[in-house]
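**Q** If you're matching positions, the sequence shown starts at 109 in our numbering and goes up one per residue. Quick reminder that beta carbons are idealized off the backbone N, C-alpha and C, glycines included. Keep in mind that this is a model prediction, so the values were computed, not measured.
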Amino acid sequence: MIRGRAATDSPRPQSWREGEATSSACGSPGNSGSSQCATMELGPLEGSYLELLNSDADPLCLYHIYDQMDLAGEEEIELYSEPDTDTINCDQFSRLLCDMEGDEETREAYANIAELDQYVFQDSQLEGLSKDIFKHIGPDEVIGDSMEMPAEVGQKSQKRPFPEELPADLKHWKPVPSSSSSLSCLNLPEGPIQFVPTVSTVPQGLWQISGTGTGVSSIFIYHGEVPQASQVPPPSGLTVHGLPTSPDRPGSTSPFAPSATDLPSMPEPALISRANVTEHKTSPTQRQAAGEVSNKLPKWPESVEQFYRSLQDTYRAEPTGPDGILMEVDLVQARLERSSSKSLERELATPDWAERQLAQGGLAEGLLAAKEHRRPRETQVIAMLGKAGQGKSYWAGAVSRAWACGRLPQYDFVFSVPCHCLNRPGDVYRLQDLLFSLGPRPLVAADEVFSHIVKRPDRILLILDAFEELEAQDGFLHSTCGPALAEPCSLRGLLAGLFQKKLLRGCTLLLTARPRGRLVQSLSKADALFELSGFSMEQAQAYVMRYFECSGMTEHQDRALALLRDRPFLLSHSHSPTLCQAVCQLSEALLELGEDAELPSTLTGLYVGLLGRAALNGPPGALAELAKLAWELGRRHQSTLQENQFPSADVRTWAMAKGLVQHPPGATESELAFPSFLLQCFLGALWLALSGEIKDKELPQYLALTPRKKRPYDNWLEGVPRFLTGLIFQPRARCLGALVGPSATAFADRKQKVLARYLKRLQPGTLRARQLLELLHCAHEAEEAGIWQHVVQELPARLSFLGTRLTPPDAHVLGKALEAAGQDFALDLRSTGIDPSGLGSLVGLSCVTHFRAALSDTVALWESLRQHGETELLQAAEEKFTIEPFKAKSLKDVEDLGKLVQTQRTRSSSEDTAGELPAVRDLKKLEFALGPISGPQAFPKLVRILTAFSSLQHLDLSQNSITDLGAYKLAEGLPSLAASLLRLSLYNNCICDMGAESLARVLPDMVSLRVMDVQYNKFTAAGAQQLAASLRKCPHVETLAMWTPTIPFSVQEHLQQQDSRISLR
109 MIRGRAATDS
119 PRPQSWREGE
129 ATSSACGSPG
139 NSGSSQCATM
149 ELGPLEGSYL
159 ELLNSDADPL
169 CLYHIYDQMD
179 LAGEEEIELY
189 SEPDTDTINC
199 DQFSRLLCDM
209 EGDEETREAY
219 ANIAELDQYV
229 FQDSQLEGLS
239 KDIFKHIGPD
249 EVIGDSMEMP
259 AEVGQKSQKR
269 PFPEELPADL
279 KHWKPVPSSS
289 SSLSCLNLPE
299 GPIQFVPTVS
309 TVPQGLWQIS
319 GTGTGVSSIF
329 IYHGEVPQAS
339 QVPPPSGLTV
349 HGLPTSPDRP
359 GSTSPFAPSA
369 TDLPSMPEPA
379 LISRANVTEH
389 KTSPTQRQAA
399 GEVSNKLPKW
409 PESVEQFYRS
419 LQDTYRAEPT
429 GPDGILMEVD
439 LVQARLERSS
449 SKSLERELAT
459 PDWAERQLAQ
469 GGLAEGLLAA
479 KEHRRPRETQ
489 VIAMLGKAGQ
499 GKSYWAGAVS
509 RAWACGRLPQ
519 YDFVFSVPCH
529 CLNRPGDVYR
539 LQDLLFSLGP
549 RPLVAADEVF
559 SHIVKRPDRI
569 LLILDAFEEL
579 EAQDGFLHST
589 CGPALAEPCS
599 LRGLLAGLFQ
609 KKLLRGCTLL
619 LTARPRGRLV
629 QSLSKADALF
639 ELSGFSMEQA
649 QAYVMRYFEC
659 SGMTEHQDRA
669 LALLRDRPFL
679 LSHSHSPTLC
689 QAVCQLSEAL
699 LELGEDAELP
709 STLTGLYVGL
719 LGRAALNGPP
729 GALAELAKLA
739 WELGRRHQST
749 LQENQFPSAD
759 VRTWAMAKGL
769 VQHPPGATES
779 ELAFPSFLLQ
789 CFLGALWLAL
799 SGEIKDKELP
809 QYLALTPRKK
819 RPYDNWLEGV
829 PRFLTGLIFQ
839 PRARCLGALV
849 GPSATAFADR
859 KQKVLARYLK
869 RLQPGTLRAR
879 QLLELLHCAH
889 EAEEAGIWQH
899 VVQELPARLS
909 FLGTRLTPPD
919 AHVLGKALEA
929 AGQDFALDLR
939 STGIDPSGLG
949 SLVGLSCVTH
959 FRAALSDTVA
969 LWESLRQHGE
979 TELLQAAEEK
989 FTIEPFKAKS
999 LKDVEDLGKL
1009 VQTQRTRSSS
1019 EDTAGELPAV
1029 RDLKKLEFAL
1039 GPISGPQAFP
1049 KLVRILTAFS
1059 SLQHLDLSQN
1069 SITDLGAYKL
1079 AEGLPSLAAS
1089 LLRLSLYNNC
1099 ICDMGAESLA
1109 RVLPDMVSLR
1119 VMDVQYNKFT
1129 AAGAQQLAAS
1139 LRKCPHVETL
1149 AMWTPTIPFS
1159 VQEHLQQQDS
1169 RISLR
């Protein structure tokens, strides 16, 4: 695109506003594209530059106005349309810039021309030449080698808003349509276009554009696919010189482009030309391999490249030994919800198994999908939640390795920081310390690297592992302000700046945390929440095989699997990767001793077996001292300790040698931590069992089985209650005595009596579902017959776990308790998230006579049993399942109910089965509660399946915006319920006279109907009279509630006087 010089044929005195109006009228759309306007009248420059910028003048006219003022003595300048004439005089433009910089009034409007180069390069007048033609032009490949720029232009910069933040209706951004006489364009065919900087000859497919006075020897435009680097002819003397680059403005040739120092948190793509460059899809190595023909982006500085490669090398290293065994687990989309209507505390929602939304594609695709839905220049918070031992830290390391291997191209840099390194309230740090010094391996980075990173925060992924470790810093979530970029501050202030989006604004924060605690409550507003589901039974067994393969003991693989299968309780606990690894470690030690080995049946026995030999070979009292440290740290919600906290150097040396404590990644030389959270829980329980400092009457509080407003133990060490009962009640010789010796168990007998008396006084029927499950686990760990019998015999006949998560260990211990109780039970397993194997095991128990579960989970279970040929279990599952009463609260509930009816119809048509499903046949109360928004959409689906419920007695359709059409369809299906339906409620819908007529017509056929409620609808006196007339034919109906504001009260009174069964209340 080459522009011509603007001139006037007959200059006359006028203000610049008049000239603006004249130029605006020239070539307007109203001229229908004519080229009659070949002149442009421009007057002298009057007024301030601020007024000029706020006018309707075409920004291109600024060049012409200033050019006319500079050409003294020339009264007439022709308007050329030849493509070889350029009107943009750089010297004149530079003086214009200096004058505008010196005018104080223009400083506020300086940002309005921050992207004048965008207007020039993306002129909307060019319809034939795509603006994307310039996206491959580097800073040295643009025309004009003679253009110079004053040094003071690059030195003087001010704060300017982002281009997207400028008003969209600025008048001077609207280009004036120009006639063909003032501008000539080259129309090119469709297809990719590439500028080739140097060629010797003009091959086929290249067009050459040249002209005198343009400052360019030749421009070659290639149409079609870009030739490979090897196919480009050798360079010759023809070169395309570039414009000089503005200081501190990489990739831009305009002096108006914002500088890097002006916008420290602005993403790098915003500092270059506004072409559609999808830079985030390429890594530095991919940019180098793309060839020199297409120069996509300026290369990174050498120091940044070196840091990038060293960071990749840091995270690319695979863990060795058992920690390096990779098992892909499901990544489930999660959400937080209030635990109760009266509580502000939030906990993980528990979806049914079939309702789980898996993150398709794993962690890489999940992060990529989350990044695509982010808001521009907004920090994105992604949280990964999971219980202790589910593998969150391993998953965080897998994310870092995935980036290092090139599977996360949307991020230039990834920094992984364990949160225990940030639990330092008294220290003072800067942002670069968080990125480079506090990670698992300190990184060496120059200031240039840090400057590069903060310019492009949207390309940064910051991983904070074990977020619950920051509970001591929880005030940062509610701090009023964060620190400045270069301001040293405490870690609390640094975290406040990150989470309040004042530091690295636009980056991605990835958190891993346990789904409880004060900090997790704030994650309900995170952009994305995920949950680690743990191992399935098949994955747990595969892990055992891989463990012994990595240990070089492949001959013991089958024997180890047999040991695990002989202990179903431990197999159910193997859904936790940490516990699965602990089982493998104990199996390895037992198999080395002999063939008669067997695994314990409790978690307490598992950890006693792991610590037994280490405790006996240690210094006297060392294990008890370590247990005290574990308990004290747990009371403070911490898992790391300092070397000087050990009572002696011998205890510290012994604990480190046996692997009971270790240096966590990223910690200082003096910091130590327990290798797993469950080991800390076990040691804390060991201290409670051995300590004489704990009063006997206080001991039951640490079981946390009875709710109290104030208790000293807040259950942060959530495994303590089960380990404590196991250590206290299991035989001394193989449990507590095996750890500390017989002489150290003096207080254990007295504590056993206290806990036994407390547990036998508990009434399981009065406990909440979560506490009841914890009591069953404690009784199982105790292995004391009296306590177990007391708990199982006191279980109520109807057990509801509605909304309480049931893990595989919960399902196992519940099934064991139901079998031992010797009575029949009815279970409510809705919204428990129970897996199919656990649901099948509970349903198959002979003592379970009825059960309720999610419709989708139950139908899936039936299908699985049918495919595996388990006919007896399938029959039992169908006979025991019930949905009474059923309340549809979502469209999915109606769809699942339809699938249940379809299953019955399929079952009835089968030759080997006969009869109705008890769940459909025995349903007596159905409530349709989708509300006025979703109700009209789902109501037709409900009407189609109503005929299947032959025993339905109560049908509640209130407040669903049912219309006349819905009432008509309902009237068609009601006769099938005539023999059973007792109550029908259509309260507060949108039924008018036609709908009332449909109901009145079917009312005499409803021989069993006793109560009908049509209050607060929209039918008038006509519809009311039809219902009243039909009621006289129904002596069996006891009440017709019919009051509605659309019926005159006098009419309602008259109808009531005629029939007293009409209710107006």
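Based on Cα-Cα distance, which residue from Ser1168, Gly729, Ala690, Val1122 lies nearest to Pro430?
**A** In the sequence shown, counting from the first residue as 1, residue 430 sits at position 322. Ranking the options by Cα distance to Pro430, first place goes to Ala690.
**Q** Opposite Val525 in the DSSP bridges: which residues?
**A** On the sequence shown, residue 525 is found 417 positions in, with the first residue counted as 1. Bridge partners of Val525: Leu572.
**Q** Indicate whether Cys886 and Val828 have their beta-carbon atoms separated by less than 8 Å.
**A** Locating residue 886 in the sequence shown gives position 778, counting from the first residue. Locating residue 828 in the sequence shown gives position 720, counting from the first residue. Going by C-beta atoms, Cys886 is not nearer than 8 Å to Val828.
**Q** Going by beta-carbon coordinates alone, are Leu1082 and Leu1060 separated by less than 8 Å?
**A** As a working mapping, residue 1082 is identified with position 974 in the sequence shown. As a working mapping, residue 1060 is identified with position 952 in the sequence shown. No.
**Q** Let's see if you can read the secondary structure: which residues bound the alpha helix (DSSP H) around Met1150?
**A** Reading the sequence shown from its first residue, position 1042 is the one you call residue 1150. Neither: Met1150 is in no alpha helix (DSSP H) and is coded neither H nor E.
**Q** Rounding to the nearest angstrom, what Cα-Cα distance links Leu187 and Ile568 in this structure?
**A** Start at 1 with the first residue of the sequence shown, and residue 187 comes out as number 79. Start at 1 with the first residue of the sequence shown, and residue 568 comes out as number 460. At Leu187, the pLDDT of 37 sits below 50, so the modelled position is not reliable and the matter cannot be decided from this model.
**Q** Taking the CB atoms as reference points, tell me whether Ile1053 and Val1115 lie closer together than 8 Å.
**A** Locating residue 1053 in the sequence shown gives position 945, where the first residue counts as 1. Locating residue 1115 in the sequence shown gives position 1007, where the first residue counts as 1. Not closer than 8 Å, so no.
**Q** On the DSSP bridge assignment, give the partners of Leu108 in chain order.
**A** Residue 108 lies beyond the stretch modelled for the chain, which goes from 109 to 1173, so this question has no answer here.
**Q** Leu466: buried (16+ other C-beta within 10 angstroms of its C-beta) or exposed?
**A** Residue mapping note: residue 466 aligns to position 358 of the sequence shown, counting from 1. Its Cβ having fewer than 16 others within 10 Å, Leu466 is exposed.
**Q** Alpha carbon to alpha carbon, what distance is there between Thr874 and Leu814?
**A** What you label residue 814 is simply residue 706 of the sequence shown in a count that begins at 1. What you label residue 874 is simply residue 766 of the sequence shown in a count that begins at 1. First, the amino acid is wrong: residue 814 is Thr here, not Leu. One C-alpha to the other measures close to 10 Å.
**Q** Starting from the N-terminal side, write out each stretch of the beta strand (DSSP E) that is 3 residues or longer and does not extend beyond the segment 999-1072.
**A** 1033-1036, 1062-1064
**Q** Reducing DSSP to helix, strand and coil, say where Tyr866 ends up.
**A** As a first step, residue 866 is located in the sequence shown; it is residue number 758 there, counting from the start. Three-state DSSP puts Tyr866 in a helix.
**Q** Over the uninterrupted beta strand (DSSP E) stretch that includes Asp674, give me the two end residues.
**A** Residue 674 sits at position 566 when you count from the first residue of the sequence shown. Element bounds for Asp674: n/a, residue is neither H nor E.
**Q** By DSSP, does Lys979 sit in helix, in strand, or in coil?
**A** As a working note, residue 979 is residue 871 in the sequence shown. Reading off the sequence shown, one finds Thr at residue 979, where the question assumed Lys. If DSSP states are grouped into helix, strand and coil, Thr979 belongs with the helices.
**Q** What beta strand (DSSP E) runs, 3 residues minimum, are completely inside the segment 756-823?
**A** 779-781
**Q** Cα separation between Gly494 and Phe575?
**A** Reading the sequence shown from its first residue, position 386 is the one you call residue 494. Reading the sequence shown from its first residue, position 467 is the one you call residue 575. CA-CA distance, Gly494 to Phe575, rounds to 11 Å.
**Q** Determine the contact status of His528 and Ala781, defining contact as a CB-CB distance below 8 Å.
**A** Reading the sequence shown from its first residue, position 420 is the one you call residue 528. Reading the sequence shown from its first residue, position 673 is the one you call residue 781. Contact: yes.
**Q** If we count Cβ pairs, one from each stretch, closer than 8 Å, do we get three or more for the segment 1059-1079 versus the segment 1097-1108?
**A** Taking a cut-off of 8 Å for Cβ pairs, the segment 1059-1079 and the segment 1097-1108 touch, as three or more such pairs fall below it.
**Q** Nearest by alpha-carbon distance to Lys633: which of Phe415, Lys861, Arg443, Leu516 is it?
**A** As a position in the sequence shown, residue 633 is number 525, starting the count at 1. It is Arg443.
**Q** Can you give me the Cβ contacts of Lys997 inside the same chain, cut-off strictly under 8 Å, excluding the 5 residues immediately before and after it?
**A** Position 889 of the sequence shown, counting from 1, holds the residue named residue 997. Contacts found: Ala1037, Leu1038.
**Q** Taking buried to mean at least 16 other C-beta atoms within 10 Å of its own C-beta, is Thr990 buried or exposed?
**A** As a working mapping, residue 990 is identified with position 882 in the sequence shown. Buried.
**Q** Just to confirm the assignment, what range does the beta strand (DSSP E) spanning Leu687 have?
**A** For the purposes of this step, residue 687 is taken as the residue at position 579 of the sequence shown. Looking at the DSSP string, Leu687 is not in any beta strand (DSSP E); the run it does join, the alpha helix (DSSP H), is 685-701.
**Q** Specify the secondary structure class of Asp431 as computed by DSSP and reduced to three states.
**A** The residue labelled residue 431 in the question sits at position 323 within the sequence shown. Here Asp431 sits in helix by DSSP.
**Q** Distance check for Ile802 and Leu640, CA to CA, integer angstroms please.
**A** Here residue 640 is taken as the residue at index 532 of the sequence shown, counted from 1. Here residue 802 is taken as the residue at index 694 of the sequence shown, counted from 1. Going by the C-alpha atoms only, they are around 37 Å apart.
**Q** Here's the rule I'm using: 16 or more other beta-carbon atoms within 10 Å means buried, otherwise exposed. How should Lys805 be labelled?
**A** In the sequence shown, residue 805 corresponds to position 697, counting from 1. It counts as exposed.
**Q** Using only the alpha-carbon positions, how far apart do Leu844 and Gly720 sit?
**A** Taking the sequence shown and counting its residues from 1, one reaches residue 844 at position 736. Taking the sequence shown and counting its residues from 1, one reaches residue 720 at position 612. Rounded to the nearest angstrom, the two C-alpha atoms are 9 Å apart.
**Q** To the nearest angstrom, report how far apart Ser644 and Leu981 are at their CA atoms.
**A** Your numbering for residue 644 matches position 536 in the sequence shown. Your numbering for residue 981 matches position 873 in the sequence shown. C-alpha separation (whole angstroms): 22 Å.
**Q** Just curious, the beta strand (DSSP E) that Ala934 is in, first and last residue?
**A** Counting from 1 along the sequence shown, the entry for residue 934 is found at position 826. Taken as a continuous stretch (DSSP letters only), the beta strand (DSSP E) holding Ala934 covers 933-936.
**Q** Per DSSP, Leu466 is paired with what?
**A** What you label residue 466 is simply residue 358 of the sequence shown in a count that begins at 1. Answer is Val440.
**Q** Give the range of the alpha helix (DSSP H) segment to which Arg878 is assigned.
**A** To locate residue 878, count along the sequence shown from 1; it is residue 770. Looking at the DSSP string, the run of the alpha helix (DSSP H) that includes Arg878 is 877-890.
**Q** Could you give the first and the last residue of the continuous alpha helix (DSSP H) run that contains Gln414?
**A** Position 306 of the sequence shown, counting from 1, holds the residue named residue 414. Residues 410-424.
**Q** Thinking Ala929 and Leu953 are a contact (beta carbons under 8 Å), I'd like their distance in whole angstroms, please.
**A** Mapped onto the sequence shown, residue 929 falls at position 821. Mapped onto the sequence shown, residue 953 falls at position 845. Not quite, the Cβ-Cβ distance comes to about 10 Å (not below 8 Å), so this is no contact.
**Q** Check Ala133 in the structure and name its three-state DSSP category.
**A** The residue labelled residue 133 in the question sits at position 25 within the sequence shown. Low per-residue confidence applies at Ala133: pLDDT is 40, beneath 50, and the placement is therefore not dependable enough to give any value.
**Q** Enumerate in chain order the residues of its own chain whose CB-to-CB distance from Thr1055 is below 7 Å, with the five nearest sequence positions on each side excluded.
**A** If you number the sequence shown from 1, residue 1055 lands on position 947. For Thr1055, where only same-chain residues beyond five positions count, the Cβ hits under 7 Å are Gly1081, Ser1084.
**Q** Are there 16 or more other CB atoms within 10 angstroms of the CB of Ala648, so buried, or fewer, so exposed?
**A** Within the sequence shown, residue 648 is the residue found at index 540, counting from 1. Burial call: buried.
**Q** Less than 8 Å separating the beta-carbons of Gln505 and Val437?
**A** By one-based count along the sequence shown, residue 505 stands at place 397. By one-based count along the sequence shown, residue 437 stands at place 329. One detail in the question is off: residue 505 reads as Gly in this sequence, not Gln. Contact flag unset, no.
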